[in-house]
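The block underneath contains the structure these notes are about, expressed in structure tokens.
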Amino acid sequence: MFKLKLIATAALFSTALSVIGQVKGNYDYRANSSIATMREASSNQNYGLINMPALGDLTFSIKGLYNAPADSYLAIFTSTQVGETQREANDLLRAKIDSIRSGVLRKSGDVEMFVDMISFVPLYETQAEKKIFSKTTYNEIPIGFELKKNLHFKYSDPKVLEYLVTICAENEIYDLVRVDYFIEDIDKKKDKMIMKAEGMLKQKILRHGQLTNEDYKDKDRQMTEVFLIHLPHEQYQSYTVFSSNAMYVKQSGAVNVAPKSTSQFYMPKFNKNYDFVLNPAMLEPVVQIEYEVKMRLVPKPEKPKEKKEPKEVVKEKIEKQIFWITPTGDIKQLNF
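Position 66 of the sequence shown, counting from 1, maps to 61 under our numbering, and the rest follow consecutively.
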């Protein structure tokens, strides 16, 4: 009985581990042992979370993130059509585009469609003995033509994209080039981040002054700020599956491993390392707006001392003169 309980407990524990692994995701398994070793070594080092700033360096910063869902989308499909003549290539591609346009309008009136002309090039015979030239102009006659056009679809409901992929595939257009995300009133979103950051910055400076018993009225303030916008298509990462099926070859006894599938997944900027995050919960890819403001407090420059002008000194000099009156009544000056 004890052995049976032990086996059941082990099986339950194994099941719990597998569940935890599935919740974590297989992406982390691609990290090699060297990265794991580096993480373990860095975690064992006794480092503090912050370092004291240099004396006199008073810099305060606030960093925020805004997760803005898209207000509209732009999906671009590319189409290629070949034909023996220019008219044939154009008619074949036009029929596909008209079919897609009518299907899109029936499905949703919110979708706008635009056809972008990309290229129209002739195709020539590759074998020299089969080339045909014009009898009048002596130019080589093409054996066919290649026409390329891009289809632009603007919509606001993300579910429309699934229908666009389906209807384009039904008309032999399979290449989805890209999907762009657009947000409206971006200035209002930036103003909201600025107001939030300014309040937090003032509070941080006030708290620092109260804790250090300092008054920052005698300091000048220098400020800088920056915005960064990250679109969803810029934040996808490649992902290779951790395991794959093996193909066994019985003749030689060798095992040929099947190639692993490679895909991509959305990797947004996480909510850590930010002082505030607006709209933190995300379900679909979003446009992420980063904002950072820094304030530096520096001593005010000393006022130049007033230069005193030298005073003019007036010295009085007394000159003595001696005169002699002769017996005859003449006055004569005596020189010394």
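Using N, Cα and C, we set each Cβ at its ideal position, and we do this for glycine too. Here the structure is a predicted model, which is why all the values come from computation and not from measurement.
Nearest residue (CA-CA) to residue i, options the options
| i | options | result |
| --- | --- | --- |
| Tyr269 | Lys191, Ile92, Leu142, Lys303 | Lys191 |
| Val288 | Leu196, Thr235, Ser258 | Leu196 |
| Thr73 | Gly139, Val116, Ala164 | Ala164 |
| Leu142 | Leu159, Gln217, Thr80, Lys306 | Thr80 |
| Thr335 | Tyr231, Ile181, Ile320, Glu279 | Outside the modelled stretch of the chain, which goes from -4 to 331, sits residue 335, for which no answer is possible. |
| Pro64 | Thr207, Phe140, Ile284 | Ile284 |
| Leu69 | Asn85, Arg89, Asp105, Gly98 | Asp105 |
| Met277 | Asn62, Asp52, Leu53, Thr54 | Asn62 |
| Lys125 | Ile138, Pro117, Ile113, Phe115 | Ile138 |
| Leu223 | Leu53, Gly59, Asp52, Val116 | Gly59 |
| Gly98 | Thr131, Lys184, Val160 | Val160 |
| Ile71 | Leu118, Arg82, Tyr176, Glu120 | Tyr176 |
| Glu179 | Val281, Glu301, Tyr286, Gln328 | Val281 |
| Glu167 | Ala90, Asp52, Lys298, Asp182 | Ala90 |
| His147 | Ile95, Ile189, Asp182, Val116 | Ile95 |
| Leu273 | Pro322, Ile189, Lys315, Tyr261 | Ile189 |
| Glu229 | Asp52, Ile181, Val174, Tyr211 | Val174 |
| Asp52 | Tyr211, Ile113, Asp182, Phe140 | Tyr211 |
| Pro117 | Thr131, Phe140, Met108 | Phe140 |
Residues bridged to residue i (per DSSP)
| i | result |
| --- | --- |
| Ser56 | Lys289 |
| Gly98 | The partner list for Gly98 (beta bridge, DSSP) is empty, contrary to what the question assumes. |
| Leu336 | Any question about residue 336 goes unanswered here, given that the chain covers just -4 to 331. |
| Ile127 | Answer is none; Ile127 lacks a bridge partner. |
| Leu159 | Answer by DSSP bridge pairing: none, since Leu159 is not bridged. |
| Ile284 | Tyr61, Ile224 |
| Ala70 | Phe148, Val174 |
| Ile320 | Ile326 |
| Lys143 | Thr75, Ser114 |
| Thr257 | Thr235 |
| Met370 | Any answer about residue 370 is impossible in this case: the structure gives the chain only from -4 up to 331. |
| Pro273 | With the sequence shown as reference, residue 273 is identified as Leu, and Pro is not the correct amino acid for it. In the DSSP output, where bridge partners are listed per residue, Leu273 has Tyr61. |
| Pro294 | Lys214 |
Distance between residue j and residue i (C-alpha atoms, nearest Å)
| i | j | result |
| --- | --- | --- |
| Pro263 | Leu226 | 9 Å |
| Glu157 | Asn266 | 30 Å |
| Pro275 | Ser233 | 24 Å |
| Lys149 | Ile162 | 15 Å |
| Met290 | Lys199 | 11 Å |
| Ser29 | Val236 | Here the model assigns Ser29 a pLDDT of 46, short of 50, so the residue's position is not dependable, and the following value carries that caveat. Approximately 20 Å, taken between the alpha carbons. |
| Lys306 | Leu201 | 50 Å |
| Val110 | Ala84 | 16 Å |
| Asp186 | Asp152 | 26 Å |
| Asp66 | Asp170 | 24 Å |
| Val172 | Lys184 | 29 Å |
| Gly310 | Gly324 | One detail in the question is off: residue 310 reads as Lys in this sequence, not Gly. Using only the alpha carbons, I get a separation of about 37 Å. |
| Pro254 | Tyr286 | 43 Å |
| Arg101 | Thr121 | 44 Å |
| Lys298 | Glu209 | 22 Å |
| Ile313 | Lys302 | 34 Å |
| Ile127 | Ile92 | 33 Å |
| Lys315 | Val308 | 23 Å |
| Phe115 | Lys144 | 9 Å |
| Ile181 | Glu279 | 19 Å |
| Gly204 | Asp213 | 12 Å |
| Phe55 | Glu220 | 12 Å |
| Lys300 | Thr207 | 31 Å |
| Tyr119 | Met108 | 33 Å |
Other residues of its chain near residue i: CB distance less than 6 Å, five sequence neighbours each side excluded
| i | result |
| --- | --- |
| Asp215 | Val293, Lys295 |
| Ile57 | Ala192, Met195, Leu196, Asp270, Val288 |
| Met218 | Met290 |
| Ile317 | Leu329 |
Cβ-heavy atom distance, residue i to the ligand NAD, below 7 Å
| i | result |
| --- | --- |
| Asp93 | As far as ligands go, the structure on display features none, and thus does not contain the ligand NAD. |
Contacts around residue i, its chain only, beta-carbon distance under 7 Å, and the 5 residues preceding and following it disregarded
| i | result |
| --- | --- |
| Leu87 | Gln76, Gly78 |
| Val155 | Ser103, Val106 |
| Thr321 | Lys327 |
| Ile113 | Lys143, Lys144, Asn145 |
| Trp319 | Lys327, Leu329 |
| Phe(-3) | With a pLDDT of 43 at Phe(-3), under the threshold of 50, the modelled position of this residue cannot be trusted; read the value that follows with caution. Within the same chain, Phe(-3) has no close Cβ partners at all. |
Cutoff 8 Å; reference residue i; Cβ partners in own chain excluding five residues on either side
| i | result |
| --- | --- |
| Phe260 | Tyr22, Tyr231, Gln232, Tyr234 |
(request) Return the chain-ordered ranges of every alpha helix (DSSP H) run that is complete within the region 173 to 237 and spans a minimum of 4 residues. (result) 181 to 207, all fully within the region 173 to 237.
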